[in-house]
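Asks: This is the structure I want to talk about, given as structure tokens.
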Amino acid sequence: MMTETEIKAKVSRLAEEEIKAIDHEISLLPYKKAGVIEALKIIQQHRGWVSDESVEAVAAYLEMSPAEVDSVATFYNLIFRKPVGRHVILLCDSISCYVMGYDKLYAALKEQLSIKFGETSSDGRFTLLPNACLGCCDHAPALMVDEDLFRDVKVEMLDQLLSAYK
Amino acid sequence: MERPLTENIKTGHPPLDLKGYEKTGGYAAVRKVLQGMSPADLQQLVKDSNLKGRGGAGFNTGMKWSFVPMGNETRGPKYLICNADEMEPGTFKDRLLIEGNPHQLIEGMILAAYAIQATVSYIFLRWAYREAAHILRKCIDEAYAAGYLGQHIHGSSYQLDMYLHTGVGRYMCGEETALLNALEGKRATPRAKPPFPQVSGLFGKPTIVNNVETLCCIPHIVNKGAAWFKSLSLSEDSGGTKIYGVSGKVKKPGAWELPMGVTMRELIEDHAGGMWNGLHLKGVLPGGASTDFLTPEHLDIKMDFTSVASAGSRLGTGTLVVLDDATCPVGFVHNLQRFFAQESCGFCTPCREGLPWVEKVLMSIERGEGSEEDMELLHMHTRLLGPGNTFCALAPGAMEPLQSALKYFRDDFENHIKNKKCPYN
Amino acid sequence: MPTINIDKIPYVVKAGKNLLEACLSLGLDLPYFCWHPAMGSVGACRQCAVKVYKDEQDTKGKLVMSCMENAKDGMFLSVTDMDAVAFRSQIIEWLMTNHPHDCPVCDEGGSCHLQDMTVMTGHSYRRFQYKKRTFQNQYLGPLINHEMNRCIQCYRCVRFYRDYAGGTDLNVFSAHHHVYFGREKDGILESPFSGNLAEVCPTGVFTDKLLKDHYTRKWDLTTAPSVCHHCSLGCNTIAGERYGTIRSIVNRFNGAVNGYFLCDRGRFGYEFVNSLNRIVRPLVRTRAVESVDDATLMEELRKLIVSQKLIGIGSPRASVESNFALMQLVGKENFYQGVTEELAYLERKIIDVLQSGSLHSASLKEIELADAVLVLGEDVWNTAPVMALAIRQSVMKTAAGEASQQLGLPVWQDSAIREFIQDDKGFLANITVAPSPLDEISSTHQHAAPDDIARLGFAIAHLLDPSVPEVTKLSEKTEQTAAVIAEALKAARHPVIISGASCYNEALIRSAYAVATALNKDGREVGISYVMPECNSMGLAMMRAPSIDGAVKRSSFEHDLTLVVMENDLYRFMPAKKADQFFRSFKNIIVLDSLNNQTTERATLLLPAATFADGDGTLVNNEGRAQRFYQVYSPANPNIKESWKWLWNLNVLITTNSNGLEYHPDGLLANLEMTMPQFAGISSAAPSRDFRIHGEMIPREPHRYSGRTAMLANLTVSEPKPRNDADSPMTFTMEGYQGIPPSPLIPFFWSPGWNSVQSVNRYQNEPGGSLKGGDPGKRLFEQRENAETIHFIDSPEAYAAREQKWLLLPRYHVFGSEELSATARAINELAPIPAIGLSFRDAAQLGVVEGSIIRLQTDQEEVLLPVKIQEGLSDGIVLAPAGRSETMALKWGSWVSLKKHLT
Ligand SMILES: Cc1cc2nc3c(=O)[nH]c(=O)nc-3n(C[C@H](O)[C@H](O)[C@H](O)COP(=O)(O)O)c2cc1C
Ligand code: SF4
Ligand code: FES
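Chains as they are written, first to last, in the numbering used here: chain G, 6 to 171; chain R, 114 to 538; chain P, 330 to 1232.
Right, here's the structure in full:
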């Protein structure tokens, strides 16, 4: 069990605005710990990923143990427990995009960024991840870069498409 | 032909804001109900309209609501949850409704919440729908500002809060009980039933989970009545229209609101413009990745719950995925099984250990390394990963396309094994 | 009671059970993993599938998980149905796809539930041809080993560690077929119940790390029913030996006491038995060559005792037999309890309460089933860990019980019930001196000085029964707390009040009594429970002998006495100077003990005493339950004997007509019952030594015991004759009765097809229920109709901090506070660094900070220790670690002075 002081030390790793955001989320919930997913999202928004230190900080703040927090964090595939690049490419690899040939896009991206799924380009610019159906199967193949969705993507478009992300 | 759900959706244009929505008659239903319709009456109305859940299970919505304890016999708040996790591969109908006419959904949720006297409601939206999230946030604020949400909704004693929760991945979050765990900040593993969410749901309180499309129907039922809603449908088994979709190598992939019960042929040949030149239809997943294949000889069946079921599949989400004769069915099914294996929550043995095995077997067959014994293994898994054998419906859903593929495309599998390579590339 | 038809045969089963429990209690073999009798069902592993039919006509049926289905009257099911059989063996094949198949090098091998279930389902041929997934293992501390590749994801470990025991540092991570069970990173498991993981895990993921140091397969162990010697609860254990050393301790189910679980002190504290510090031969210090042969020894002994004035000092960690034998040797008037006057006084009060017959002394099981618990003063978590586990269950079960009412669901629907109750809990008021892990699950907790806790107790009693005098000058806060607690207790049907001796405060013991008595009406079933300091404190205190101080006094005026000290290091009870002086006043000192300590150094004649592992005896636990423990092996070294045996030999030297008299536990106990009626019934705690089943004795070794003819071949080629055990109806071999013995005589749990601990099902009336023929032990206190209540209800003065003086109280810890276990390597590693606990304000006042050295002075002695700031500790109280060499003889409950130590 952690002492007051240890808890304070860990919580101090959270930034003002992170705490404000987390406080807002838990104010809407009957139990503090129910806000853990929101808290992890907030951390990831601010820091790009969720480090062990962040897990401990969130745990301390929500009066949970790091194990409890990490148990949740590691379940969800869009909580990044490893550092990611400045931009994250989510390439849909589900059925409609499969039929419409997402594999060509994957091949091209592998080629251009010389990274495979789950890897980050050496310049730290892109992390490439597969993602389940993006819900625009009528415009397959599709991919997302950070928060932006791209539909009916063709290999030729990739250069220009990626150039927007420095 | 009436298109209540989509008539006010203009693709390419931003959705109606609250004022605009009200101009089209929006929120009239909320006012009507608050002015003198009891929750019981509303439940009855929806029951009579024969609205069946659009999330896949196809259960009568009014009936589902009626299991919620009413009156003061309940402890603590009740919850209404909109299931907008839409992660069923091949499915893109809910996105259209949310991004196209968000207030219609919000109004539907207010009505549903009122029908069960819920005081808190959540929209569980999948992470990938950024645009939808952005729109919904704005519209929920508008609704609060206009007094459709919050305390004393339109002067009544009824109060309702609404929150947007965006997920962080995992297909399982769409399963209604796993969704509850996700909302509670837990791992999205499913819950045992009984108790059903209607009795012990979110935070142990009575809860209803409904799909986006289901909820979007409610305002129209309230406005135009149960009989009208029934009359929209071409088939007996369910009232209303349905958002159908077609993806794959068709000329005009897309989604359309049509009377419940149009035929598959109409969808593929008229609305989707038929197959690409030179390609032929080989198979169809009628309702997303976890439904059984149908084949060209099924083209004339009605796309409603009973007809699709009698043809050996499920209406599911009503969004068709088309398999053409130039795409390898084994690769196709392998893609599906890889998805399901990845998305298993890992709680129960058959799904956690069975699906990865199936995936590996299909992979080796596709690579031309398969054997006759592999076929037996696949068959065995389709038999043993059935409903009831696993904890939830994910694994059984995963087996539906596989078992039907083994039935309809057996030769393709055999060829891979005999010729030790994939004949399609 | 419902009748269910299994494979066309009707059976009557207990209502409210699930089909799996029903089948198991009928003795049917039905495999399972995730279900656990103490933890209920979650339906994760899908191993327990059976066919259920709509009615007699239905031939198709439907597979269901038997652990998730209620046994309903008139239902039809099949265990042998082909589909069910096929599915169950398929589950194993699935689990085996990634299992390493490393049984030969796996510690679980031979007692592995996964092995048993694999054989039971008949799966044998591997069809999975792909790479297995593999995991990294973690370092989990000195007690538990981690081998994640063997995991079959049954979720039992988390469900025990987190849900049942309240641990927070073990969990499940990741998803799909990557789910991982462990800590968030390497590190020592924090829960003092972590050892149970080794028994809860159905395979070799979590295993006993100490066993690894001297590994032996279950079937190669000689085992005996034993009783834990490391606190006053008397949890039942099975100790296993090979080659003359203890290899492991595992839980021995006792439905009324420890149930399925032990604490880590009990499970891993045994290593003192194997320690190099054991006393192995008699020593006569007056001789040039101290170690002597039997003849000389007897000669020397005769000199020391025949026609000498003897006084004897007993021990709270020695058996009833040994203490009684000592009393017989020296005579009642010369026998002294080996504890301080303060302690003896407290224990006398407790005995008064329990012997008065006016209250029911609660068993651990009853605490588990209590619907409201009040703890007054006792740091249960550290002084009686398994009781803390029982309290946690009471808190959880009360909420679960209500939930199951409202939902109409059985309580064994574990996750469904948890999802419904969320954070609701039953009532626990935990009132202690310093914060305790139990505070987290308590409805009310408060930290105060012992006197104030007692006053709170009396205030509660007054609210429940106005005839108890009102407590004056209570703070508003205390009055509110009292009201809240009184209300909750009033509402309860079977509340339990818990206190104990560890605060060295007599008023506490009375206040607990007062509350319990005040509640004891309106058809309430009230339980009271006092935690005692040592494993046989109760048994010793029941003899009502004077304390050490009596002996000290006598030594001051009577000379040329011979002192006999038995299994007791008096330096734990007296300041060194005082003890030295005490010993100096004797011409001759005979000491019997198992480990060398300061006292044994003072012996003129030293005798090697047996431990629980190589001796028999009876302990009386805090409930008043007499329980027999049996030697696991008879030591190769003939010098090692139970104290009672040695003492009897001495007795024979002096009593002229001793022959004919028994010197077995049976005889001793019978004799005890005659001399001391308060022990009536104690000899019925276990079958007598001549008990036989079909003329056969009970074997300590399973019939698969191997190497018997070979294991000693390096010493002698001929197989040595097995030693026989004259003291019990058990053999040291594999020969004997192969069936289920009477519950006090169960040396190991085994049943055909059930080699793992899960075989305990076969020994119970129903899974999780009491053992066949009743749970072991004989209660020596029973509530009596119209027993008159004792009248001590005057409450103490309010506690007031004093100028420049601090109230000295002991701070206990699961690891390190108890004498014998503290010498075990692993336990020692886990014991906290000794430190002085102070409140923030006192530390500030003394000008010390965390870590600075402080000098603690009593009238007798002084110690230097680092400061540990104690959140929630009242001002004016100082906590020093209990039972540590640095502090063991401090005068607890006295006022001491503190100074910052200037270096
Ligand atoms: C694995 C799995 C995933 C699911 N995903 C979704 C989903 O994304 N959206 C949805 O509305 N229902 C989904 N469902 C169905 C829901 O469990 C639930 O039946 C539905 O939301 C009920 O809403 P309805 O009654 O309006 O159809 C899923 C079911 C399973 C077993
Ligand atoms: S079928 Fe089992 S493992 Fe699969 S998702 Fe459902 S509960 Fe989880
Ligand atoms: S024991 Fe029944 S599902 Fe695990």
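Note that beta-carbon positions come from the ideal geometry of N, C-alpha and C, so glycine has one too.
Keeping to the same chain, check which residues put their C-beta closer than 7 Å to that of residue 79 of chain G; ignore five residues upstream and five downstream.
Replies: The residues are 86.
Asks: What does residue 958 of chain P pair with, by DSSP beta-bridge criteria?
Replies: According to DSSP, which records beta bridges pairwise, residue 958 of chain P is partnered with P:946.
Asks: Which bits of chain G does residue 1038 of chain P rub up against, with CB to CB less than 9 Å?
Replies: The contacting residues do not exist; residue 1038 of chain P stays about 50 Å from chain G at best.
Asks: Compare the C-beta of residue 427 of chain R against all C-beta atoms of chain G and say whether one is closer than 8 Å.
Replies: It does not: the Cβ of residue 427 of chain R has no partner Cβ on chain G nearer than 8 Å.
Asks: Under 7 Å Cβ to Cβ from residue 450 of chain R, same chain only, skipping five residues before and after it: list those, please.
Replies: Hits under 7 Å: 468, 471, 472, 475, 511 and 515.
Asks: Compare the C-beta of residue 40 of chain G with all C-beta atoms of chain R and state if any pair is closer than 8 Å.
Replies: Interface residue, yes.
Asks: How about residue 83 of chain G: is its Cβ closer than 7 Å to a heavy atom in ligand 1?
Replies: Checking the Cβ of residue 83 of chain G against ligand 1 gives no.
Asks: Just to confirm my understanding: we take residue 93 of chain G, look at its own chain, exclude 5 residues before and 5 after, and list those with CB closer than 7 Å. What are they?
Replies: Correct list, in chain order: 132, 134 and 151.
Asks: Please classify residue 1191 of chain P: does DSSP put it in a helix, a strand, or coil?
Replies: If DSSP states are grouped into helix, strand and coil, residue 1191 of chain P belongs with the strands.
Asks: Would you say residue 413 of chain P reaches chain R, if we count a Cβ-Cβ gap shorter than 8 Å as a contact?
Replies: Taking Cβ atoms only, chain R never reaches closer than 8 Å to residue 413 of chain P, which makes this a no.
Asks: Give the DSSP bridge partners of residue 1135 of chain P, in chain order.
Replies: Answer is P:1225, bridged to residue 1135 of chain P.
Asks: Between residue 504 of chain P and chain R, is the shortest Cβ-Cβ distance under 8 Å, so that the two count as touching?
Replies: Judged by the 8 Å Cβ criterion, residue 504 of chain P is in contact with chain R.
Asks: Let me check understanding here. Comparing Cα to Cα, which of P:363, P:340 and P:367 lies closest to residue 356 of chain P?
Replies: Taking only the C-alpha atoms, the option nearest residue 356 of chain P is P:340.
Asks: Specify whether the segment 331-342 of chain R and the segment 216-228 of chain R touch according to this definition: at least 3 beta carbon pairs, one from each stretch, less than 8 Å apart.
Replies: Short answer: they touch.
Asks: For residue 1044 of chain P, does the count of other Cβ atoms within 10 angstroms reach 16, so buried, or fall short, so exposed?
Replies: Its Cβ having fewer than 16 others within 10 Å, residue 1044 of chain P is exposed.
Asks: Which one of P:642, P:352 and P:361 has the shortest CA to CA distance from residue 877 of chain P?
Replies: If we check each option's Cα against that of residue 877 of chain P, P:642 comes out closest.
Asks: Which chain R residues are close to residue 84 of chain G, counting only those with a beta carbon under 9 Å from its beta carbon?
Replies: The contacting residues are 281 and 282.
Asks: Which residues of the segment 131-144 of chain G have a Cβ closer than 8 Å to any Cβ of chain R? Give them in chain order.
Replies: Taking 8 Å as the Cβ-Cβ cut-off against chain R, the residues of the segment 131-144 of chain G that qualify are 136, 137, 138, 139, 140, 141, 142, 143 and 144.
Asks: Ligand 4 and residue 250 of chain R: does any heavy atom of the ligand fall closer than 7 Å to the residue's C-beta?
Replies: As for ligand 4, it is missing from this structure, which binds only ligand 1, ligand 2 and ligand 3.
Asks: Roughly how many angstroms separate the alpha carbons of residue 940 of chain P and residue 781 of chain P, rounded to a whole number?
Replies: Cα-Cα distance, rounded: 40 Å.
Asks: Does the beta-carbon of residue 1001 of chain P have 16 or more other beta-carbons within 10 angstroms, so that it is buried, or is it exposed?
Replies: Per the 10 Å Cβ criterion, buried.
Asks: With the cut-off set at 8 Å, would you say residue 475 of chain P and residue 467 of chain P are in Cβ contact?
Replies: Contact flag set, yes.
Asks: Which whole runs of the alpha helix (DSSP H) in the segment 337-413 of chain P are 4 residues long or more, in chain order?
Replies: The qualifying runs are 348-354.
Asks: Looking at the structure shown, is residue 1095 of chain P part of a helix, part of a strand, or coil, going by DSSP?
Replies: Looking at residue 1095 of chain P - three-state DSSP - the assignment turns out to be coil, as it is neither helix nor strand.
Asks: Closest Cβ-Cβ distance between residue 80 of chain G and chain R: below 8 Å?
Replies: Answer yes: the Cβ-Cβ gap between residue 80 of chain G and chain R drops below 8 Å somewhere.
Asks: Taking buried to mean at least 16 other C-beta atoms within 10 Å of its own C-beta, is residue 434 of chain P buried or exposed?
Replies: Per the 10 Å Cβ criterion, exposed.
Asks: Could you tell me whether any Cβ in chain G is nearer than 8 Å to the Cβ of residue 743 of chain P?
Replies: Taking Cβ atoms only, chain G never reaches closer than 8 Å to residue 743 of chain P, which makes this a no.
Asks: So the candidates are P:1013, P:488 and P:351; which of them puts its Cα closest to the Cα of residue 408 of chain P?
Replies: Comparing Cα positions, the closest option is P:351.
Asks: Select from the segment 20-52 of chain G all residues with a C-beta closer than 7 Å to any C-beta belonging to chain P, and list them in chain order.
Replies: Here the close residues are 36.
Asks: Compile a chain-ordered list of the residues in the segment 498-521 of chain R whose CB is closer than 8 Å to at least one CB of chain G.
Replies: The residues in question: there are none.
Asks: Inspect the CB distances between the segment 864-879 of chain P and the segment 643-663 of chain P and report whether three or more fall short of 8 Å.
Replies: Yes: the two stretches touch, three or more of their Cβ pairs being nearer than 8 Å.
Asks: Could you pull the start and end residues of the alpha helix (DSSP H) that residue 76 of chain G belongs to?
Replies: Run containing residue 76 of chain G: 71-78, per the alpha helix (DSSP H) assignment.
Asks: Can you find a C-beta in chain P that's less than 8 Å from the C-beta of residue 146 of chain G?
Replies: Answer no: the Cβ-Cβ gap between residue 146 of chain G and chain P never drops below 8 Å.
Asks: Against residue 708 of chain P, what residues of chain C qualify as contacts under a CB-to-CB distance less than 7 Å, listed in chain order?
Replies: Of the chains in the structure shown, none is chain C; the protein chains are G, R and P.
Asks: Enumerate in chain order the residues of its own chain whose CB-to-CB distance from residue 372 of chain P is below 6 Å, with the five nearest sequence positions on each side excluded.
Replies: Answer for residue 372 of chain P: 394 and 397, listed in chain order.
Asks: In three-state terms, what does DSSP make of residue 442 of chain R?
Replies: Helix, per DSSP.
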